[in-house]
C-alpha cells in the first residue's frame, strides 16, 4: 500500500529549521522543569501509601476519585485483579512532612469512601512504599534507559557506520527530551508506566531510523556519485509511505487507548502519542542531519586519494 506515488519532497532542505524547532521545544521544556523544581515524579519514585479495597458492588475509577475529593488530584486509582472481584488500588503520595502513618492514611481513605456512598467495602491490603524504594526504582529506570541507548549505539554502529549510530542515538535522545517536555507541560507525573512508554518510544524510533538508513545504504550502492544529502533525501522519500502508515496506525491505536483506557493508562498513552510523532519527525530531520554532518566531517579529515593510487609528483 502506497500513500504517495513517487514523492520527491526536499526534506533535507528543511533540516536546519526543523532542528531549530526541536532545540526550542527542548529548551522550553528544560526551563519549565527548572521553574517547577524538577520533573514531576509519581508515587512509584517518590514513595507513598497503597491501599487495596474490595467493594461489594461494581464501582468505577471516577467514582472513587469523586469520593476522594481534594486527594484525587495526587492519587493514582486503578483496578486491581479481575474485573469481577471489584478490587481497586489507591496510591497516595507521602506528605511533605513524611511523618504520616499508614493507619492514618488508610483511615482517611476509608472515611472519604464512606462519604462518597460507594456501598460496602473492605480494605484487604495496605502498605507503605518508602522513598528509599522509590529512589531505587528511579535509579533502575535511569540505568534501563542508558542501557537501551548504549545497545542502540552498538547495534547501528555494527550494522551501518558510526556516524549513523550517533545520528540514531541523538534522535532517540531528542524523542525522550521532547516527550518529557510535553509531559511537564500537560501535568503528567513520571511513573513506571511512563518510563515503559519512553523505552517503547526508543525502540520505535530506532526501528523507523534503521529502515531509512538501510534504504540509504542500498541507494548509495546504486548511485555512488551522488552526495550523501541527496541519497538521504531520496531514501526518506522512498520510505515515506511506510513511515506515514506505520506512524498513523500506531497513533490511532494509542489515541483509542488514551480515550478509553482510563486514568491508569492515560499517562502511558499520552507519552506514546507524543513519542511516536516525535520519533517520526526525528527520523526524517534529526537522525539524517546528524549522519550527514558527521559523514561530511569524516570525509574532510580523511586524506584525498589520487585516482591512480600513486602520489602525484612534485612540480
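Residue numbers (the working numbering): 6 to 320.
Backbone N, C-alpha and C fix where the C-beta goes; we use that ideal spot for every residue, glycine too.
For clarity, every value in this text was computed on a predicted model and none was experimentally measured.
Of the residues the options, the one placed nearest residue i, counting alpha carbons only
i: residue 156; options: 173, 168 and 143; result: 173
i: residue 279; options: 52, 182 and 85; result: 182
i: residue 85; options: 66, 113 and 193; result: 66
i: residue 271; options: 25, 15 and 81; result: 81
i: residue 287; options: 269, 214 and 253; result: 214
i: residue 29; options: 161, 187 and 134; result: 187
i: residue 200; options: 106, 274 and 11; result: 274
i: residue 198; options: 24, 50, 23 and 11; result: 50
i: residue 232; options: 110, 277, 301 and 46; result: 301
i: residue 235; options: 249, 248 and 220; result: 220
i: residue 121; options: 68, 43 and 196; result: 68
i: residue 130; options: 95, 184, 196 and 298; result: 95
i: residue 268; options: 194, 170, 107 and 109; result: 194
CB-CB length for residue i against residue j, believed under 8 angstroms
i: residue 128; j: residue 36; result: No, residue 128 and residue 36 are not in contact; Cβ-Cβ is about 43 angstroms, not under 8 angstroms.
i: residue 285; j: residue 252; result: 4 angstroms
i: residue 161; j: residue 170; result: 4 angstroms
Contacts around residue i, its chain only, beta-carbon distance under 7 angstroms, and the 5 residues preceding and following it disregarded
i: residue 222; result: 165
i: residue 177; result: 154, 157, 207, 210 and 211
i: residue 103; result: Confidence at residue 103 is low in this model, with a pLDDT of 48, below 50, so the placement of that residue is unreliable and no value is reported for it.
i: residue 101; result: With a pLDDT of only 48 at residue 101, under the threshold of 50, the placement of this residue in the model should not be trusted; the figure read from the coordinates follows. Excluding residues within five positions, none has a Cβ falling inside 7 angstroms.
i: residue 25; result: none
i: residue 242; result: 12, 13 and 14
i: residue 168; result: 296, 299, 300 and 303
Cβ neighbours of residue i in the same chain (closer than 6 angstroms, five flanking residues each side left out)
i: residue 327; result: Since the first residue of the chain shown is 6 and the last is 320, residue 327 is not available in this structure.
i: residue 77; result: 70
i: residue 125; result: 61
i: residue 20; result: 290 and 294
i: residue 239; result: 224
i: residue 64; result: 123
i: residue 41; result: none
Opposing strand residues paired with residue i [DSSP bridges]
i: residue 127; result: 59
i: residue 98; result: 53
i: residue 132; result: 55
i: residue 84; result: 93
i: residue 46; result: 195
Unbroken alpha helix (DSSP H) run spanning residue i, endpoints
i: residue 226; result: 197–227
i: residue 286; result: 267–287
i: residue 244; result: Careful: residue 244 lies outside any alpha helix (DSSP H) and carries neither H nor E.
i: residue 115; result: 107–120
i: residue 20; result: 20–40
i: residue 172; result: 167–190
i: residue 69; result: 66–73
Cβ neighbours of residue i in the same chain (closer than 8 angstroms, five flanking residues each side left out)
i: residue 179; result: 27, 31, 283, 287 and 291
i: residue 117; result: 72, 73, 74 and 76
i: residue 142; result: 49, 50 and 197
Any C-beta of chain B under 8 angstroms from that of residue i
i: residue 71; result: Of the protein chains in the structure, only one exists, and it is not chain B.
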